[in-house]
Structure formats: structure tokens, C-alpha cells
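Heads up, the sequence shown is in my numbering, so the first residue is 377 and it goes up one at a time.
Yeah, the Cβ is synthetic: ideal placement off N, Cα and C, and Gly gets one too.
Inspection log for the structure reproduced underneath, given as C-alpha cells.
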Amino acid sequence: MAYYRSVGSVPPKRHTQHRTPDGNLYYEELMGEEGFSADSSLLYHRNIPSAIVDSRVWELPDQTTAPNHPLKPRHLKLHELFPPSTWTQTDVVTGRRLVLGNADVRISYAVSTADSPLYRNAVGDEMVYVESGRATVDTVFGSLQAGPGDYVFLPMSTTHRWRPSGEEPLRVYAIEANSHIAPPKRYLSRYGQLLEHSPYCERDLHGPGEPLLAEGTDVEVRVKHRAGSAIAGTIMVYPEHPFDVVGWDGCLYPFTFSIHDFEPITGRIHQPPPAHQAFEGGNFVICNFVPRKVDYHPLSIPVPYYHSNVDSDEIMFYCGGDYEARKGSGIGQGSISVHPGGHSHGPQPGATEKSIGAERFDELAVMVDTFRPLELGEGGLACEDTGYAWTWAGRGPADG
């Protein structure tokens, strides 16, 4: 995180006595990245945060992946994964279906109207994009309100739960890192402040406003964690509810950030994808494509040129608007395009000429670029439009 916050009751000096109204000590917990060498926060608990009374296996949803072989671009239609009959029977934690993944990042999708169990990802940070619907996200730091277009950032090992609200189902696009996620270094001062050329600032990041205190005994928390080279699940049972923090302070905490607060960087000619970057993790980046004025050189071509991402796979999640470069491909809201390294991709036939003279694009998309090849999860394989790869040529292998 880029800046310090203090919420609730904390003592004047860290690592000193902080007592309850009846004279007992609160239990101080340091939650920090990279040991004691990076961002951290101090949380003050009513109960011992280490106390557990049981630990048993949690069988995770299918985490297997298959290589993109033979190599080809792909179109995945995420809205086909969750028919309405499933919305009350699952939740956006245990019901996630793995779409794409590699050793650095996993991308999942879920749709639900049901509350999730308490959950903690001990593998890496999560950046969860809310495509539609609303939810309260309760965390050990306090509660967040999330709605359409919000990213919900959840630092590694943050205990939390999702509670959908309203009539519309909650649709989430979950980006789970095997590392930490942060603003790009070029946006930050040497002390961590977001600089003037950054497309967003600290005012756009909304953390919990007050502590969240809950009661309960023998409370289950589902933990996703490393088990050797694999990802595994465990259910830990706590004698008291883990939402017992009376106050916290520091620079590491969950927050929401609306894609609508991302200020696009534009120019006289077409800007490359790094101009759209919002966050970075280990071996991947997250970019926002938002409604914006487009190139204003008199001879400009607003849609992208054909390009080969020789070092990366380009994954675009289309979540709103009208994406000019993809017209005629079958892609629409809820689609993912998978454009792998080793394949040159770009606008659909006719889109380049049609874009000339455009002054504005009304599009909304979340892009993840990875620097190691992605493989297809069971969710991705289940919702593929198998004809997409041939849409530039107008025919496929079956057409001769």
C-alpha cells in the first residue's frame, strides 16, 4: 500500500501495552510482507490470533490445467459457466471455476447470490474484479462495500468473507497471485506515494472505515495455501471469531478501487498497453481499458496495430461497452480473449478502416498480461468458442 492509515483503538506507541476497559491486554499481531522488510500493519485482537482447535483438509475446486496446445488464440465465454439455477447453491469463494493459470497467477470466475464462508488465501494477494452485483466484504480489518466496476484488493492471508446484496447476482473475476500485487513502480515516489503522472491516486483507494467485531465459537476458516509445489486447502477452526480486532494501523490492508476512477492516458497516436497499466504482480500485470477519447493525429488509426507479444500471453476480459477492435469475432460482455505468445494478433478484418475518424471508444475491459505461458483450467475448457481462432481468416480447417 502507498500510505499509512489508522482505524479504531491503537496505543500511542507500537509494541507497548494496550489494555481492554477491564485491564486485560489486547493481543498485538504484526501482519507483514517479506518477513519484516516490507509493508505491514499491526492489529489488536481481543483473543489470541494463533489459537485453533482443529485443522482438516478442504478439498479445493478442480485446480488442474492443460497446456494451450496446439497453440492458438481462444475465446472463452464466462457467462456460460453459471446458469441461474446454480446461483443460490454456490458462493464466490468455494464456487470459483479456474479459467486460466500458471505458476504465477490463477484467473477464476464465479457467480453467486449466497454468502461465502470465511476464507484466507495464504498463497498470494488477490485482486477481485466485480463485473456486476454488489457485496459487503467483511475482513479482519473491517468491512468494504463493493459494486460494479470495483476491484477488491485482499492482501495475502487476510481473513474475509463475501456477502452479496441486492437482487442482481454477484459476478466476480478473481485474479489470484502467487506473489504480492502493487501499483507499478514507475507510478511511485521512492517513499511510495503515487506520483502526478499516475492514472489514479490515494483518494481513489477506499479501505475499511471502522473495526468489525463479531462473536462466535468454533469458527471455521478455509485457508488456501502451499503444500510442496501444489496448492492445497485446509479448514482451520478457531475457538473465538477471528473478527475480533478493535484497531489496527499501518500500510497493509484491503481496499476497493473503481475502474471508473482510472484516468486513461491518451495521445496523438495509438498508445501501447503499458499506458493502461493499473497494477503489477510477480511475472504479470493488470491493465484497464476504459471509455476514453482516442488518437487525434489527423492520420491516426485508433484501433491497435497487429502485434506479437513475444514475451507474454495477453488475456482480455470484456466487461462493458463496445470493443471496436473485436467486432465480428463473437466477443461480447463476459468474454475472455486469450492471445498467446507465439501468435500475432490484432483487429478483426475491417475494424482498422472502420475506426478511422473515431473520436471516442466506449469500452471497458480488464487485461492480464503474463510473462510465462498460461494453461487452461477446467472452467476455460468448459466455455470455449472453438471457432474463434479462424475469425481473422474467415475459415477454419473444416472448410478446406
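Report yes if the CB atom of residue i is closer than 8 Å to the CB atom of residue j, and no otherwise.
i	j	result
Val481	Thr746	yes
Ile483	Ile662	no
Phe529	Phe693	no
Asp671	His646	yes
Gly384	Gly623	yes
Ile784	Leu750	Outside the shown range of the chain, which is 377 to 776, sits residue 784, and nothing can be said about it.
Ala741	Tyr699	yes
Val487	Leu546	yes
His451	Ile707	yes
Thr515	Thr535	yes
Val599	His617	no
Pro584	Pro630	yes
Arg748	Asn478	yes
Ile641	Pro575	yes
Phe660	Val744	yes
Ile607	Ile677	no
Asp620	Asn423	yes
Thr470	Thr489	no
Tyr764	Ser705	yes
Phe655	Ile557	yes
Asp438	Glu754	yes
Val506	Gly523	yes
Trp768	Pro725	yes
Ser416	Glu405	no
Arg702	His673	no
Check for me: the beta strand (DSSP E) holding residue i runs from which residue to which?
i	result
Leu476	Arg473 to Gly477
Ala654	Gln653 to Gly657
Tyr485	Val481 to Ser488
Val506	Glu502 to Ser508
Gly407	The amino acid at residue 407 is misidentified as Gly; the sequence shows Met. That run of the beta strand (DSSP E) goes Tyr403 to Gly408.
His421	Ser416 to His421
Asn400	First-last for Asn400: undefined, no H or E at that position.
Glu552	Leu546 to Ala553
Glu591	Where Glu591 is concerned, there is no enclosing beta strand (DSSP E), given that its DSSP letter is neither H nor E.
Trp538	His536 to Ser541
Asn664	Phe660 to Phe665
Phe338	Residue coverage of the chain in this structure runs from 377 to 776, which leaves residue 338 outside it and unanswerable.
Arg381	Arg381 to Gly384
Tyr563	Taken as a continuous stretch (DSSP letters only), Tyr563 belongs to no beta strand (DSSP E), as it is neither H nor E.
Asn497	Leu494 to Asn497
Gln521	Gly518 to Ala522
Leu452	Arg450 to Lys453
Under DSSP, the alpha helix (DSSP H) around residue i begins and ends at which residues?
i	result
Leu757	Glu754 to Ala758
Glu435	Per DSSP, Glu435 belongs to no alpha helix (DSSP H) and is neither H nor E.
Lys730	Ala727 to Ser731
Could you round the C-beta distance between residue i and residue j to whole angstroms and report it? I think they count as a contact, below 8 Å.
i	j	result
Leu588	Ser519	5 Å
Cys627	Tyr380	5 Å
Leu318	Gly756	For residue 318 there is no data in the structure shown, the boundaries of the chain being 377 and 776.
Val548	Val468	5 Å
Gly697	Glu739	4 Å
Tyr402	Arg395	7 Å
Leu454	Cys759	6 Å
Val714	Pro449	6 Å
Ser508	Met407	Not quite, the Cβ-Cβ distance comes to about 31 Å (not below 8 Å), so this is no contact.
Arg496	Val597	6 Å
Given the structure, does residue i come close to the ligand FMN, in the sense that its CB is under 7 Å from one of the ligand's heavy atoms?
i	result
Met503	In the structure shown, the ligand FMN is absent, as is every other ligand, since no ligand is present at all.
Between the stretch 568-584 and the stretch 536-551, can you find at least three pairs of beta-carbon atoms closer than 8 Å? no
Would the stretch 604-617 count as touching the stretch 412-430 if we require 3 or more Cβ pairs under 8 Å? Segments in contact, yes.
Pair every Cβ in the stretch 489-506 with every Cβ in the stretch 553-562, then say whether three or more of these pairs are closer than 8 Å. The stretch 489-506 is in contact with the stretch 553-562.
Can you list, in chain order, the stretches of the beta strand (DSSP E) that have 3 or more residues and sit fully within the stretch 614-657? 621-626, 631-634 and 653-657
Could you tell me which uninterrupted beta strand (DSSP E) segments, each at least 3 residues in length, are contained entirely in the stretch 673-740, listed from first to last along the chain? 689-697 and 711-715
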